[in-house]
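Convert by adding 5 to the 1-based position in the sequence shown; the result is the number in my numbering.
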Amino acid sequence: MFALLKKQNKRNAKIHFNDEQLKNFKELKRRSCNPPVLHLPDFNKPMRLRTDASKFAVGGVLFQVVDGAERPIAYTSRKMKSAELNYPTQQQELLAVVHSLAAFRIYCLDKPPIVETDHKSLEGLFTQKMSNRRLARWYDIIAEYQPTFSYLPGAKNGIADELSRRPDLQPETKFFHDLSVTSFDDTSFILALSEVATDTNLTTNIKKAYKKDREIQTIFAAIKRRTADPKSKRVSQQHKKYRSYSEADGFLWYQTPTDDVPRLVVPNDLMLRQTIISECHNTNYGGHPGAERTYLTLARRWYWSKMLKSIQRFIADCEPCRRNKPRLTKPPGLLEPLSIPDERWRSISMDFITDLPRTKRDVDSIWVVVDRLTKRCHFVPTSNTVTAGGVARLFIDNIWKLHRMPSNIVSDRDMKFVSKFWQYVFKSIGTKLSMRGTPSTR
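In structure tokens:
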């Protein structure tokens, strides 16, 4: 626009305006006097601060409302530190407020500013309970300004949102290997499929474990038959079952239509799988993430059956996680012993002992019934597949026949006890069935 205004480059040359240049001059003057040109602050009017946080940066804009229009005074934004990237969403939004207040301190100390944010929970900030020392420290900083929080829908928070999403502040995504390699013949492709494989002996151990895994040997055999005779009916049936598997360089790969690259199949070897999980979970760059995040990281490059359950069991036994991570559930209540019965066999408890060695009579479980007053017991042999009707028959033949019908039964939430059949039986005879499954009664 300015180039059109000044076409002559000679020094001290006179400028002759035509209609086009005059139009451009007026447009340039109009834009120089209107937003987004920064406005001088008026300290007699309240300051308004609009903030936002993205996944990697925070931003804010200080402005005032003049003649019904928003006039920006100053902008600020910065990249989050590595620790701040792990903050919850509420704390990241509050971090944007703290940063913006500190950046515009000289503007906000005179009169309490109005802070506009698209995170509604910040409206009741000073009425919420402080959950950690970081929030307590931020409360002290914010309280100095005595701001008033106002909710602003995200669609109207465009300026602050753009400041928190500056492309130059976005973190770079780095991989250990170039994942563009797709040739099976390239030995680096084996390690490129894993972001955590740093042990060169790992692939050798995987090949050795392949020979001991019958399921993987079956898949290898099916792949060879598919290659030798693709038109065979047997091969076509197995192809449907193993169509996601392929073999290259002695390794078994798994790839679905949604996978970008094949995933290396890990054999059924407990130590090998725990080593892979440990490399992702326990190392310095792993940072002991939760089961879901660990699974999402490993599932990009590795595959084995029931992978998530393996990761959950590993993390449940991780000592640093159990020692350092806070409890996310309420603490268990105090033990509350049940009241002592007045008569024998008026209150009983029952449970099953299962998964025992099977006998010739097809017995692999024991049904245990205990009198809560005398602690006398009945041990009734049964099977793990016994139905609710079978349990009812055992109850009548071994308990009701000898001790009458109890007035109270305490048990866990076994499906055999909470079935419709048991509810109908106990309702018909007027017996109260207690299904308290809390730890205080176990």
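No residue lacks a Cβ here, since even glycine has one placed at the ideal position from N, Cα and C.
message: Tell me the DSSP secondary structure of Thr153 in three-state form.
response: strand
- request: Compare the Cα-Cα distances from His104 to each of Val415, Thr392, Met85, Ile211 and report the closest residue.
  value: The residue among Val415, Thr392, Met85, Ile211 with its C-alpha nearest the C-alpha of His104 is Met85.
- prompt: Any beta-carbon of chain C closer than 7 Å to the one on Thr280?
  reply: You won't find chain C in this structure, because it holds only one protein chain.
field: Burial state of Pro362, where buried means 16 or more other Cβ atoms lie within 10 Å
entry: With fewer than 16 other Cβ atoms within 10 Å, it is exposed.
task: Compare the beta carbon distance of Thr392 and Trp372 with 7 Å and say whether it is the shorter of the two.
output: no
task: Using the DSSP secondary-structure output, state which residues sit across from Asp417 in a beta bridge.
output: Paired residues: none, contrary to the question.
Three-state secondary structure (DSSP) of Val66: strand
message: Checking the sheet assignment: what are the DSSP bridge partners for Pro77?
response: Phe68
Bridge partner(s) assigned by DSSP for Ile119: Arg53, Thr153
Where Gly64 falls, given that 16 or more other Cβ within 10 Å makes a residue buried: By the 10 Å Cβ count, Gly64 comes out buried.
query: Using the rule of at least 16 other Cβ atoms within 10 Å of the residue's Cβ for burial, across every protein chain shown, is Trp258 buried or exposed?
result: buried
message: Quick check: what's the CA-CA separation for Asn273 versus Asn329?
response: Cα to Cα, the separation comes out at about 31 Å.
task: Assign Thr56 to one of two classes, buried (16 or more other C-beta atoms within 10 Å of its C-beta) or exposed (fewer than that).
output: Thr56 should be labelled buried.
field: Sub-7 Å separation of Val270 and Arg278 beta-carbons
entry: no
message: Rounded to the nearest angstrom, what separates Ser283 and Lys125 at their Cα positions?
response: A straight line joining the alpha-carbon of Ser283 with that of Lys125 spans about 39 Å.
message: At the level of alpha carbons, what is the spacing between Tyr156 and Ile224?
response: Rounded to the nearest angstrom, the two C-alpha atoms are 58 Å apart.
query: Are the CB atoms of Ala227 and Tyr247 nearer to each other than 7 Å?
result: yes
- request: Can you tell me which of the three DSSP states Ala58 falls into?
  value: Secondary structure of Ala58 (DSSP, three-state): strand.
query: Between Val385 and Leu399, is the Cβ-Cβ spacing less than 7 Å?
result: In contact: Val385 and Leu399 (Cβ atoms closer than 7 Å).
query: Would the beta-carbon of Met355 fall within 7 Å of that of Ser315?
result: Not a contact, by the Cβ cut-off of 7 Å.
task: Assign Thr390 to one of two classes, buried (16 or more other C-beta atoms within 10 Å of its C-beta) or exposed (fewer than that).
output: Of the residues assessed, Thr390 falls on the exposed side of the cut-off, its CB having fewer than 16 other CB atoms within 10 angstroms.
- prompt: So, is Asp145 buried or exposed, given that buried needs 16 or more other C-beta atoms within 10 angstroms?
  reply: exposed
- request: Let me know the secondary structure DSSP gives Met44 once reduced to three states.
  value: In the sequence as displayed, the identity of residue 44 is His instead of Met. His44 falls in the coil class under three-state DSSP.
- prompt: On the three-state DSSP scale, how would you describe Thr178?
  reply: Its pLDDT being 42, under 50, Thr178 is placed unreliably by the model, and the measurement read from it follows with that caveat. Thr178: coil per DSSP, three-state reduction.
message: Relative to the C-alpha of Ala148, which candidate in Asn137, Gly159, Arg138, Leu130 has its C-alpha closest?
response: Leu130
query: Nearest-angstrom Cα distance between Ile401 and Arg318?
result: C-alpha of Ile401 to C-alpha of Arg318: approximately 41 Å in a straight line.
message: Along the chain, where does the alpha helix (DSSP H) containing Glu128 start, and where does it finish?
response: Premise fails: Glu128 is in no alpha helix (DSSP H) and is neither H nor E.
task: Rank Arg351, Pro336, Asn287, Lys161 by C-alpha distance to the C-alpha of Glu324 and give the top, closest one.
output: Asn287
- prompt: Roughly how many angstroms lie between the CA atoms of Asp376 and Ile404, to the nearest whole one?
  reply: 10 Å
Runs of beta strand (DSSP E) lying entirely within the segment 245 to 307, each at least 3 residues, in chain order: 250 to 253, 256 to 259, 268 to 270
query: Nearest-angstrom Cα distance between Phe357 and Ile414?
result: 14 Å
query: What is the DSSP secondary structure of His383, counted as helix, strand or coil?
result: strand
- prompt: So, helix, strand or coil for Lys365, using DSSP?
  reply: coil
- request: Throw me the rounded Cβ distance for the Arg53 and Glu128 pair, which I believe falls under 8 Å.
  value: At roughly 15 Å, the Cβ-Cβ gap does not stay under 8 Å, so Arg53 and Glu128 are not in contact.
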